[in-house]
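Everything on this sheet refers to the single structure shown next.
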Ligand code: SAH
Ligand code: SF4
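In the numbering used here, the protein residues as written are 9 to 427.
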């Protein structure tokens, strides 16, 4: 087997991925973007790579091209179906091959900084990622698992922080911003399956999985990290691997209009739009991206979303803010605006955070709003708050844990590991 000379030279892909991860964010506002160098791990992880990337990595370590397809198939199965954490587990590979892989690569996932389990079964992980700057604290993102009767939904992050500053969202206030790599996005699903014991050898009466659905509704704006999100979701939806079908994956965007059609064409997942207001004047304030892509343009992109139909509706998210966007006039205009678009409406009770300037609408008002929307033909539209005791909402675990001392963090981590 031919070996490439130095370790650093043999692993260009990670550096490339890192460069992509820290590249300027397309047409996103750049003021808050910290262009930090991502420190490549001593050995790069194969977790999150596509088939083509896996083949290229095998080529780097001298696996002949005639063997690559078979090796990729084996790796794909062990990584994405069995959840293997080390090469030694790969029993249908020769000892030499396993040792060779181990010499160059790992199967590392993002590190769990904190795990919290809510009384209602919701689980939240704060994951630590390398920032790359010496002396700089690591970057952190969160990932939440929400079990329900007929499904288990994992809420996944696409960026550390967000450049978009929606006035009701805590993530937008965070200082550090960088794109996650595709590996870090897939890595969140891997961590959840690891912690839930949700791999192929789990025995359930129907052989079903615990994580059945994915929502890109964690930290960040997925359509400002399009390539990595696309690559990651194609890995996650691969039927011979993690196998979560595109219909069970929902990507939520604040309205990056130029990338909406691409989402349908290149990823083919379900779409959710963070609408939150029915007049441009108010939406400009709540979702400042509206100044660039106003409501009319956004809804036009939704009308043309590839694959949209009554069986495959677009979800419109609407956060209920007391006295701001929750009147029955707003409800009427909402129904009018969405006319002709196969739509679902999801009313989200506002989740307050320290220093936020809004309050959640009164329950009474949410019910009236919901009833209006229901009578107009949209079913069960209020999102039940889950995991409130562990602050399971956008960006909030991070702010809470930032207040903990190093000792408390260590204790929490130890608890997470022994659970
Ligand atoms: N950036 C994307 C996806 C992440 S946010 C987007 O904005 O769509 C996921 C959802 O949570 C969005 O609908 C967002 O508006 C909503 N959200 C953010 N902060 C919230 C809060 N404090 N309370 C309730 N919903 C919130
Ligand atoms: Fe970013 Fe979405 Fe939060 Fe707006 S709501 S700041 S787009 S994460």
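By construction, the Cβ of each residue, glycine as well, lies at the ideal position given by its N, Cα and C atoms.
Since the structure is predicted, the reported quantities are computational estimates derived from the model, not experimental observations.
Starting from residue 113, trace the alpha helix (DSSP H) both ways and give me its first and last residue. In the chain shown, residue 113 corresponds to position 105, counting from 1. Element bounds for residue 113: n/a, residue is neither H nor E.
Looking only at its own chain, which residues have a Cβ that is under 6 Å from the Cβ of residue 84, when we skip the five neighbours before and after it? Along the chain shown, read from residue 1 onward, the residue named residue 84 stands at position 76. Once the five neighbours on either side are set aside, the close Cβ partners of residue 84 are 249.
Are the beta-carbon atoms of residue 229 and residue 283 separated by less than 8 Å? Locating residue 229 in the chain shown gives position 221, counting from the first residue. Locating residue 283 in the chain shown gives position 275, counting from the first residue. Not a contact, by the Cβ cut-off of 8 Å.
CB contact check: residue 61 to chain D, cutoff 8 Å: Looking for chain D here will not work: only one protein chain is present.
To the nearest angstrom, how far is the alpha carbon of residue 135 from that of residue 152? Mapped onto the chain shown, residue 135 falls at position 127. Mapped onto the chain shown, residue 152 falls at position 144. Answer to the nearest angstrom: the Cα atoms are 11 Å apart.
Under a Cβ-count criterion, where at least 16 other Cβ atoms within 10 Å of its own Cβ denotes burial, should residue 75 be classed as buried or exposed? For the purposes of this step, residue 75 is identified with residue 67 of the chain shown, where counting begins at 1. Counting Cβ neighbours within 10 Å, residue 75 comes out exposed, since fewer than 16 surround it.
What does the Cβ neighbour count give for residue 336, buried or exposed, with the cut at 16 atoms within 10 Å? Numbered from 1 along the chain shown, position 328 holds the residue referred to as residue 336. Residue 336 should be labelled exposed.
Nearer than 7 Å: is that true of the beta carbon of residue 439 relative to any heavy atom of the ligand SF4? Residue 439 is absent from the model: the chain starts at 9 and stops at 427.
Please confirm whether residue 185 and residue 169 have their CB atoms less than 8 Å apart. Counted from its first residue, the chain shown places residue 185 at position 177. Counted from its first residue, the chain shown places residue 169 at position 161. For residue 185 and residue 169, yes; Cβs fall inside 8 Å.
Residue 1 lies in the beta strand (DSSP E); which residues open and close that run? Since the displayed the chain opens at 9 and closes at 427, residue 1 lies outside it and no answer follows.
Burial state of residue 319, where buried means 16 or more other Cβ atoms lie within 10 Å: Position 311 of the chain shown, counted from the first residue, corresponds to residue 319. It counts as exposed.
Could you tell me whether the Cβ atoms of residue 6 and residue 358 are closer together than 8 Å? The chain is shown only over 9 to 427; residue 6 falls outside these bounds and no answer can be derived.
Below 7 Å, is the gap between the Cβ of residue 303 and the nearest heavy atom of the ligand SAH? Taking the first residue of the chain shown as 1, we reach residue 303 at position 295. Result no, Cβ not under 7 Å from the ligand SAH.
Using 8 Å as the cut-off, can you tell me whether the region 304 to 319 makes contact with the region 272 to 286, which would need three or more C-beta pairs spanning the two stretches below that distance? yes
Examine the ligand SAH and report whether any of its heavy atoms sits within less than 7 Å of the Cβ of residue 148. Working through the chain shown from its first residue, we reach residue 148 at position 140. Checking the Cβ of residue 148 against the ligand SAH gives no.
Segments assigned alpha helix (DSSP H), at least 4 residues, entirely inside the region 230 to 309: 234 to 244 and 288 to 294
Does the ligand SF4 have a heavy atom nearer than 7 Å to the CB of residue 173? On the chain shown, residue 173 is found 165 positions in, with the first residue counted as 1. At least one heavy atom of the ligand SF4 is nearer than 7 Å to the Cβ of residue 173, so yes.
Run of the beta strand (DSSP E) containing residue 133, from where it starts to where it stops: Residue numbering aside, residue 133 sits at position 125 when the chain shown is read from its first letter. Its beta strand (DSSP E) spans residues 131 to 137.
Minimum length 4: unbroken alpha helix (DSSP H) runs contained in the region 139 to 227: 190 to 204
Could you check if residue 361 belongs to the surroundings of the ligand COA, using beta carbon to heavy atom distance under 7 Å? With respect to the ligand COA, the structure offers nothing, as its ligand set consists of the ligand SAH and the ligand SF4.
With a threshold of 7 Å (Cβ to nearest heavy atom), would residue 177 be considered close to the ligand SF4? Along the chain shown, one-based indexing puts residue 177 at 169. True, at least one ligand heavy atom lies under 7 Å from that Cβ.
Run through DSSP, which three-state label would residue 381 get? In the chain shown, the residue the question calls residue 381 occupies position 373. If DSSP states are grouped into helix, strand and coil, residue 381 belongs with the helices.
Closest residue to residue 176 among 362, 245 and 390 (Cα-Cα distance): On the chain shown, residue 176 is found 168 positions in, with the first residue counted as 1. Among 362, 245 and 390, the Cα nearest to that of residue 176 is on 362.
With residue 77 as the anchor, note down where its alpha helix (DSSP H) starts and where it stops. Locating residue 77 in the chain shown gives position 69, where the first residue counts as 1. Run containing residue 77: 73 to 84, per the alpha helix (DSSP H) assignment.
Below 8 Å between beta carbons: does that hold for residue 311 and residue 263? Reading the chain shown from its first residue, position 303 is the one you call residue 311. Reading the chain shown from its first residue, position 255 is the one you call residue 263. Cβ atoms of residue 311 and residue 263: not closer than 8 Å.
Reduced DSSP category for residue 101 - H, G, I as helix; E, B as strand; rest coil: Numbered from its first residue, the chain shown carries residue 101 at position 93. Three-state result, residue 101: coil.
Specify the secondary structure class of residue 355 as computed by DSSP and reduced to three states. Position 347 of the chain shown, counting from 1, holds the residue named residue 355. Of the three classes helix, strand and coil, the one that applies to residue 355 here is strand, per DSSP.
Cutoff 6 Å; reference residue 231; Cβ partners in own chain excluding five residues on either side: Stepping through the chain shown from its first residue, residue 231 is reached at position 223. Same-chain partners within the cutoff: 261, 264 and 267.
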